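Visitor: Following this message is one structure expressed as structure tokens.
Structure representation (structure tokens):
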């Protein structure tokens, strides 16, 4: 249902926050969701039956949206290559060999706080 799609799209910001995003004023973050669940024939003037998930059943989908957003960002960062742009400005690719060590040390530090 439209309201449920809106609620799902809002959960993308949780995945963004997991990787350090804060949604600053100039971020340009846009999240949207759509459904392919109900196929309605246009122009029919009859009562239509539609199906939806009860609101209390959305929690697993909220988790999935946050997880998928986080993973998409990490995948994009890991796939990025060093690029030289305007006026010779260089954006370096992440050093993937060091990234594993950084993530593991961060996770170990998180466990010690718990």
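In this note's numbering, the protein residues as written are 1330 to 1443.
C-beta atoms are modelled at their ideal positions from N, C-alpha and C, and glycine is treated no differently.
If you're wondering where the values come from, they're calculated on a predicted model, not measured in any experiment.
Output the boundary residues of the alpha helix (DSSP H) element that contains residue 1331.
Guide: Here the alpha helix (DSSP H) through residue 1331 covers 1331-1339.
Visitor: For residue 1330, collect the residues of the same chain with a Cβ closer than 6 angstroms to its Cβ; drop the 5 residues on either side in sequence, then sort them by chain order.
Guide: Here the set comprises 1381.
Visitor: Do residue 1363 and residue 1334 have their beta-carbon atoms positioned less than 9 angstroms apart in this structure?
Guide: Yes. Within cutoff.
Visitor: With H, G and I counted as helix, E and B as strand and the rest as coil, what does DSSP make of residue 1398?
Guide: Reduced to three states, the DSSP call for residue 1398 is helix.
Visitor: Using a Cβ-Cβ cut-off of 7 angstroms (strictly less than) and excluding sequence neighbours within five positions of residue 1401, which residues of its own chain qualify?
Guide: Excluding sequence neighbours, residue 1401 sits near nothing in its chain.
Visitor: What are the residues that DSSP puts in a beta bridge with residue 1420?
Guide: Its beta-bridge partners are 1412.
Visitor: Taking one C-beta from the region 1339-1352 and one from the region 1383-1395 each time, how about it: are there three or more such pairs within less than 8 angstroms?
Guide: The region 1339-1352 is in contact with the region 1383-1395.
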